[in-house]
Amino acid sequence: MSEAGDAAVAAKSADASATSAAAGKNGNGNGQEVTLYYFPTSFSSQKVLFAAYEKDLQFKPRLVSLFHGQHMEPWYVKLNPEGTHVPVLVHGDKVLNNPEEIINYIDEIGSGSPLVPDIETAYGQSVQAAREQLNCIPVDVITYGAVFHPHLSAAGCRLPTAVQRSMRENFAKRLQYLTHKATLHPDLRDGYLSKSQIAAQKYDIITDEDKVKGQLGQLDPLFRDMEQLLAVSQSDKGGDRWLFGADFTAADITFAILLHRLALLGLDARYFPTKTCPHIHRYLQQLQRRATFLCIQKEVAGLRLTLLWEDLKASSPYMMAAAGLGLAAGLAYLLARKN
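Each residue of the sequence shown is one higher than the one before, counting from 1 in my numbering.
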């Protein structure tokens, strides 16, 4: 993708409200509106957002706040009864809650170059094999494991201390909350108990340092494989080179988001140090220039204001009114200065 093309993608996909207004005006497969339920800091959500931006997919964004437990509310459990994650994509009668299936579907209905090449070809099979290898990584276990055992991160977890504390406290509370919800909503009991069981199994792992170390150790051979794959790909000169050459694929989406997550956890020095993984670092430099990736970072950066607004709405009508007046006064002041 050229720099001009990247700029065009950024202009179309960075503003979620503009995306919402335009949703359903293009074909999107069957002419019906696409709605995406997601949360910007969620690993799976970032993968799906990346695919949507790459394919220039117009969709209606629906934020499901993990910080406020909205993914455990009845309305969302009905959309995703067995899964514990966001996102969910709704398109007409179709409801998809598996991130890889969502990416495949976006590739079908979106525009632009394919992210998922034909599985009948050797190229398509190679991309699929890389996707499967990358998707075997328990990212949530690694994320919470690094938060519960920060000394396992040589560079130190780069998440704010308050966020880490909140993550530790809320995970333990989640088990009780899900069980409580199962009693309140008997029609959704199986879904809540399934989520509770999955959460309990993960909690058993992330609170056990030896088990977390075991999970971390499984990533070492993966990064050796990725470095070798990129060494072959980058041997061809000219332009950006991704995992399988010049084309950016669904495997690149997962790998790119994984690199970003591990760096956030302070695990980059362990898995892809500059000295031993030069090709991965070249890959990272390319990634930082890709407009679709920057769109995700921009959305995450703007999340604080969004969550603050949600808190104000939940607090009281008085606080909402006060916030509205403050915003209006601030805009009036800026306009007055400009004039």
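Beta carbons are placed, not taken as given, at the ideal position from N, Cα and C, and that holds for glycine. Note that the structure is predicted; figures quoted are calculated from it, not measured.
> threonine 340 to asparagine 135, Cα distance in whole Å?
Replying inline: This structure does not reach residue 340, given that the chain is present from 1 up to 339, and the question cannot be answered.
>> Classify proline 87: buried if its beta carbon has 16 or more other beta carbons within 10 angstroms, exposed otherwise.
In response: Against the sequence shown, residue 87 aligns to sequence position 87. Buried: at least 16 other Cβ atoms inside 10 Å.
> When you compare each of Gln46, His91 and Lys78 to aspartate 187 by their alpha carbons, which one comes out closest?
Replying inline: As a working note, residue 187 is residue 187 in the sequence shown. Closest by alpha carbon: Lys78.
>> Spatial neighbours of lysine 211 within its chain, please: C-beta separation below 7 angstroms, excluding the five flanking residues on both sides.
In response: In the sequence shown, the residue the question calls residue 211 occupies position 211. Hits under 7 angstroms: Ile205.
>> Less than 8 angstroms between C-beta atoms, sequence neighbours within five positions excluded: which residues of the same chain meet that for glutamine 215?
In response: Here the question's residue 215 lines up with position 215 in the sequence shown. Excluding sequence neighbours, glutamine 215 sits near Pro138, Val141, Ile142, Gly145 and Ile205.
>> Give the list of continuous alpha helix (DSSP H) stretches no shorter than 4 residues that lie fully inside the region 127-159.
In response: 139-148
>> Given this structure, state the Cα-to-Cα distance separating histidine 71 from threonine 207, to the nearest angstrom.
In response: As a working note, residue 71 is residue 71 in the sequence shown. As a working note, residue 207 is residue 207 in the sequence shown. Answer to the nearest angstrom: the Cα atoms are 23 angstroms apart.
>> Three Cβ pairs or more, each shorter than 8 angstroms: is that satisfied between the region 219-230 and the region 100-116?
In response: no
> When the Cα atoms are used, what is the spatial distance from phenylalanine 148 to lysine 213?
Replying inline: In the sequence shown, counting from the first residue as 1, residue 148 sits at position 148. In the sequence shown, counting from the first residue as 1, residue 213 sits at position 213. Distance between the alpha carbons of phenylalanine 148 and lysine 213: 12 angstroms.
> In chain order, what residues of the same chain have a beta carbon less than 7 angstroms from the beta carbon of isoleucine 257, not counting five sequence neighbours either side?
Replying inline: For the purposes of this step, residue 257 is identified with residue 257 of the sequence shown, where counting begins at 1. Around isoleucine 257: Phe43, Gln46, Lys47 and Phe50.
> Taking C-alpha atoms, which residue in Phe223, Lys298 and Leu243 lies nearest to proline 273?
Replying inline: Counting from one through the sequence shown, the residue named residue 273 turns up at place 273. When each option's Cα is compared against that of proline 273, the closest is Phe223.
>> Pull the bridge partners of leucine 66 from the DSSP assignment, please.
In response: For the purposes of this step, residue 66 is taken as the residue at position 66 of the sequence shown. Looking at the DSSP assignment, leucine 66 forms no beta bridge with any residue, so it has no partner.
> How about arginine 168 and alanine 199: are their beta carbons less than 7 angstroms apart?
Replying inline: By one-based count along the sequence shown, residue 168 stands at place 168. By one-based count along the sequence shown, residue 199 stands at place 199. The answer is no: Cβ separation not under 7 angstroms.
> Thinking C-alpha only, which one of Tyr53, Ala250 and Leu262 is nearest proline 61?
Replying inline: One-based indexing of the sequence shown puts residue 61 at position 61. For the residues Tyr53, Ala250 and Leu262, the minimum Cα distance to proline 61 belongs to Tyr53.
>> So histidine 85 and valine 34 are supposed to be a Cβ contact under 8 angstroms. How far apart are they, rounded?
In response: By 1-based counting over the sequence shown, the position of residue 85 is 85. By 1-based counting over the sequence shown, the position of residue 34 is 34. Not a contact, Cβ separation roughly 19 angstroms.
> If we ignore side chains and look at the alpha-carbon of each, how far apart do leucine 287 and lysine 55 end up?
Replying inline: For the purposes of this step, residue 287 is taken as the residue at position 287 of the sequence shown. For the purposes of this step, residue 55 is taken as the residue at position 55 of the sequence shown. Whole-angstrom Cα-Cα distance: 17 angstroms.
> What number of angstroms, rounded off, separates the C-alpha of glycine 245 from the C-alpha of histidine 185?
Replying inline: Position 245 of the sequence shown, counting from 1, holds the residue named residue 245. Position 185 of the sequence shown, counting from 1, holds the residue named residue 185. Using only the alpha carbons, I get a separation of about 50 angstroms.
> Which of helix, strand or coil does DSSP assign to lysine 60?
Replying inline: For the purposes of this step, residue 60 is taken as the residue at position 60 of the sequence shown. Reduced to three states, the DSSP call for lysine 60 is strand.
> Given that a residue counts as buried once 16 or more other Cβ atoms are within 10 Å of its Cβ, and exposed if not, what is glutamine 58?
Replying inline: Translated into the one-based positions of the sequence shown, residue 58 becomes position 58. Buried is the call here.
> Given a threshold of 16 other Cβ atoms within 10 Å of its Cβ, counted over all protein chains shown, does isoleucine 119 qualify as buried or as exposed?
Replying inline: For the purposes of this step, residue 119 is taken as the residue at position 119 of the sequence shown. It counts as exposed.
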